[in-house]
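First the structure, in the form of structure tokens, and then the observations on it.
Structure follows, in structure tokens:
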């Protein structure tokens with residue numbers, strides 16, 4: 001990484017349109033260089049709520065720092081990874097098309113591995129001081145250390161959305177979900193792996209079915225078959241009871257909301273505790289929707305932003321990353337009418353006013369309180385997600 | 001004379017603009033298919049990507065899906081087109097269908113697919129209209145219609161879009177084969193309407209629309225946007241799987257994608273050869289049938305089937321569009337309500353700013369690509385008539401070639417290539433990539449009227465002292481205003497609908513209405529899809545309206561031109 005950066009910097013110094021990547025420690029220099037830059041933020045564009053939030057971030061950083069933010073809407077975050085890779089292979093080591101990516105998990109691991117990222121920068125940003133680095137898993141991403149190469153901006157935790165008109169009581173475990181689905185065939189489905197939410201369902205099921213989950217924090221080894229056997233027994237029983245008998249799946253998370261609104265299913269998985277409340281406000285879910293977590297707890301992780309190594313506006317991107325960790329942006333993101341995302345901030349590090357703004361939020365009719373959500377379970381090592389998704393695709397993704 | 005020399009090179013330049021990117025992209029695909037991808041530190045030549053591909057459990061079904069949906073969609077589209085023309089050409093019903101043709105044709109594939117998906121899904125509009133009062137479905141039935149295993153929903157979506165295309169192409173061909181007198185003679189000899197048309201006119205029409213049929217076959221086999229909305233996913237078609245592999249975070253999958261892209265190319269080539277073989281067989285059988293002298297062959301039934309299919313196609317696309325419109329202003333709208341609980345302009349006000357921005361980008365790209373395409377086309381056609389070039393069969397084939405090569409086979413390679421050539425992603429490369437697809441349509445639309453122009457007007461103008469350029473600018477082009485504008489509209493529609501070229505070559509930095517619509521489709525928010533689908537459709541249809549109205553306004557004082 002260092003050699004590459006040195007090479008990139010040397011190359012920049014030589015070229016006429018010199019793009020110096022300012023040292024993140026020197027924040028004044030960063031904001032000065034950021035003024036007038038355009039930041040192309042590649043972020044999944046499938047959710048109107050997120051899109052609106054990003055547009056608002058754009059207005060704010062433009063007012064405060066003179067940074068123009070362009071949201072490049074992706075249908076799959078991996079598209080951005082491909083893009084940076086294509087640029088590297090073509091030798092375009094400066095001013096690439098992407099300045100910032102909403103990223104986590106396997107995509108982050110792949111980019112970090114291939115030296116495609118700028119940094120470390122995250123822990124040098126001024127607002128890092130507000131982040132709850134002790135209590136929230138913001139320094140490791142699916143067990144991979146972030147090493148300051150990505151900066152956190154939202155906490156997510158698995159919840160299940162249920163339509164109480166058809167499924168009144170929460171289901172406490174994966175076994176209970178199987179039992180209910182067998183009694184009510186065709187009323188449950190999940191996004192098709194390798195969609196991250198679908199893969200999350202597999203991981204969540206595996207964790208819930210295992211007695212001892214410590215093996216999952218290490219990379220997949222020879223123990224794979226043995227560890228996952230209970231999961232495949234469970235899936236073999238569950239799949240025929242799914243919506244369309246498991247012959248078709250929604251391709252993304254939000255598609256499940258439409259299925260609930262169409263009264264095609266009654267239960268869906270979500271990685272955002274506030275999504276159901278926000279969707280009710282937007283007419284995307286009936287007001288009978290509520291959420292629950294499993295008795296043994298559910299998976300949680302952080303959403304990050306990272307900067308590609310060849311961004312020509314890394315200062316602008318750092319300014320945006322820093323703004324995302326501000327109390328102002330975090331309160332807005334947590335507001336269920338806007339996004340309903342969990343905050344990454346440490347309440348004790350905030351001023352009284354800032355804390356009051358968080359306390360004043362009405363989390364929404366379908367959102368669980370932090371106490372009800374409980375402590376989030378840690379993500380398995382990313383190699384598990386990849387193996388589970390591949391294995392699922394081989395078993396159920398190519399039916400017949 | 002110097003001008004004359006420069007115009008001489010235009011045909012070559014046009015071929016380069018059209019085929020250069022395709023050939024370059026294909027070459028850029030071959031290397032990774034054999035293991036060579038320096039970006040991912042893979043520099044060893046190997047056939048492992050193909051081995052991996054053949055081992056993928058979904059491979060046989062994905063290949064089969066590409067072939068079956070391609071053949072089924074193409075045969076059905078052709079059959080319906082033929083039945084409509086054979087049974088109804090010259091009638092009032094036919095004129096109604098003809099009026100709907102241009103709007104239907106310019107509805108982008110993605111928008112049409114969204115609309116149809118909402119119509120036919122078990123909780124969709126058709127089911128809601130009859131539930132629960134007739135069907136008893138308090139809840140939508142759990143049956144697989146959209147995304148079915150055999151790709152039938154996808155075939156429906158393709159047929160709805162390809163019938164208008166083939167109809168338009170056939171109408172153009174009808175003028176050249178003296179269809180009316182053949183039909184009259186056949187009728188006088190006692191042949192039924194459909195049988196007579198099939199026996200006397202169809203063989204000549206088919207010879208004219210053979211290449212467009214090939215385009216339909218190649219497109220149906222390799223479409224991505226229609227397959228994403230309506231096609232199966234367990235496994236998906238080969239083209240969708242290629243796009244999925246291309247975007248896999250595991251960079252090694254890029255090799256498998258390249259290998260699959262080559263397989264896709266071979267599949268299309270093989271299927272085109274197979275189709276050609278089928279043509280010969282049908283030709284032989286048809287000749288026997290003609291010789292037998294059968295006067296009628298269930299003519300009335302065939303007429304009704306043709307009309308029914310035509311009506312289904314039109315109403316399917318149009319109702320789908322209406323449903324997009326209703327969703328775009330819907331409040332809560334649950335099954336089994338036929339209409340939303342409440343109406344709201346919130347979706348529009350929410351998306352308006354972005355629609356405006358991306359709409360401007362969409363129009364600018366379309367404008368530039370179309371402008372260049374029209375300029376090159378006119379240059380070629382003018383060179384043709386000044387230097388007595390004639391366009392050979394092979395030349396026509398070249399025109400169709402970019403439309404027959406699957407997009408998934410060459411666009412990824414093109415992306416890498418443009419970058420290594422130092423072309424930054426952005427406006428210019430996207431315009432050039434769109435040009436590949438816009439040029440053929442503009443050329444096909446403009447060449448016939450241009451060639452059909454009565455050269456005696458030019459002779460008279462020359463005799464009055466006008467130069468060759470004077471004749472072109474002051475006589476020929478003004479007289480051809482209507483066809484030129486139609487070609488512009490065709491080019492516009494082709495550009496507006498492009499998804500993969502905009503996404504891959506633009507590096508995502510140039511969001512258009514189409515890329516936004518397909519990205520939103522991933523989210524499944526029907527209100528947002530409705531807003532963008534409609535905006536996309538309007539962007540494609542407006543130029544057609546302009547092409548119809550402008551000549552009438554400009555030439556309102558020239559009786560011979562205003563109804564051209």
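Protein chains in written order, with full-length UniProt numbering: chain Y, 1 to 400; chain S, 1 to 564. The beta carbon of each residue, even a glycine, is placed where N, CA and C say it ideally should be. Please read all numbers here as calculations on a predicted model, not as lab measurements.
A distance below 6 Å between beta-carbons, with the five flanking residues on each side excluded, links residue 374 of chain Y to the following residues of its chain, in chain order: 297. Remark: C-beta atoms of residue 200 of chain Y and residue 299 of chain Y approach each other more closely than 8 Å.
Counting only Cβ-Cβ distances below 9 Å, residue 335 of chain S has contacts in chain Y at 261, 262, 263, 264, in chain order.
When DSSP states are grouped into helix, strand and coil, residue 169 of chain S belongs to the helix group. With a cutoff of 8 Å on beta-carbon distance, residue 154 of chain S and residue 209 of chain S are scored as not near each other. Rounded to whole angstroms, the gap between the alpha carbons of residue 63 of chain S and residue 238 of chain S is 6 Å. Look at residue 453 of chain S here: in three-state DSSP terms it is coil, with no helix or strand label. Distance from the Cα of residue 45 of chain Y is smallest, within the candidate group Y:78, Y:38, Y:22, for Y:78.
Here the alpha carbons of residue 182 of chain S and residue 196 of chain S stand approximately 8 Å from one another. At a Cβ-Cβ threshold of 8 Å, residue 68 of chain Y and residue 161 of chain Y do not count as neighbours. What residue 139 of chain S touches in chain Y, judged by beta-carbon distance under 7 Å, is 263, going in chain order. Between residue 271 of chain S and residue 67 of chain S, the beta carbon gap of about 6 Å places them in contact (Cβ cut-off 8 Å). Chain S places a beta carbon closer than 8 Å to that of residue 89 of chain Y, counting this residue as a contact. Looking only at S:334, S:179, S:481, the smallest Cα-Cα distance to residue 558 of chain S is reached by S:481. For residue 323 of chain S, there are no C-beta contacts with chain Y under 9 Å, since the nearest C-beta of that chain is about 13 Å from it.
Taking every protein chain shown into account, the CB of residue 141 of chain Y has 16 or more other CB atoms within 10 angstroms, so this residue is buried. Between residue 132 of chain Y and the set Y:386, Y:302, Y:392, the nearest pair of CA atoms involves Y:302. Residue Y:189 holds the alpha-carbon nearest to the alpha-carbon of residue 259 of chain Y among Y:189, Y:198, Y:240, Y:31. The segment 506-541 of chain S contains, as complete alpha helix (DSSP H) runs of 4+ residues, the segments 513-523 (chain order). Residue 36 of chain S is bridged by DSSP to S:43. The beta carbon of residue 332 of chain S lies closer than 6 Å to those of 341 in the same chain, with the five residues before and after it left out. For residue 500 of chain S, the three-state secondary structure derived from DSSP is helix. Here the alpha carbon of residue 81 of chain Y sits roughly 42 Å from the alpha carbon of residue 127 of chain S. DSSP links residue 150 of chain Y through a beta bridge to Y:306. For residue 50 of chain Y, the enclosing alpha helix (DSSP H) covers residues 48-65. Sequence-distant partners of residue 223 of chain S (beyond 5 residues in either direction) whose C-beta falls short of 6 Å from its own C-beta are missing from its chain. Among the residues of chain S, those whose CB is under 7 Å from the CB of residue 243 of chain Y are 142, following chain order.
Of all C-beta pairs linking the segment 80-96 of chain Y to the segment 343-350 of chain Y, fewer than three are shorter than 8 Å, placing the two stretches out of contact. In the three-state scheme derived from DSSP, where H, G and I count as helix and E and B as strand, residue 181 of chain S is classed as helix. Not one beta carbon of chain S lies nearer than 8 Å to the beta carbon of residue 112 of chain Y.
Contact between the segment 234-250 of chain Y and the segment 191-210 of chain Y is present: three or more C-beta pairs spanning the two stretches fall below 8 Å. One thing to note: residue 163 of chain Y has its Cβ within 8 Å of the Cβ of residue 266 of chain Y. About 28 Å separates the beta carbons of residue 502 of chain S and residue 396 of chain S, which is beyond the 8 Å limit, so they are not a contact pair. Sequence-distant Cβ neighbours of residue 200 of chain S in its own chain, meaning closer than 6 Å and more than five residues away, are 182, 186. Here residue 143 of chain S has 122 as same chain residues with Cβ atoms under 6 Å from its own Cβ, once five neighbours each way along the sequence are excluded. Within the segment 108-138 of chain S, those residues whose Cβ lies closer than 9 Å to any Cβ of chain Y are, in chain order, 121, 122, 123, 124, 138.
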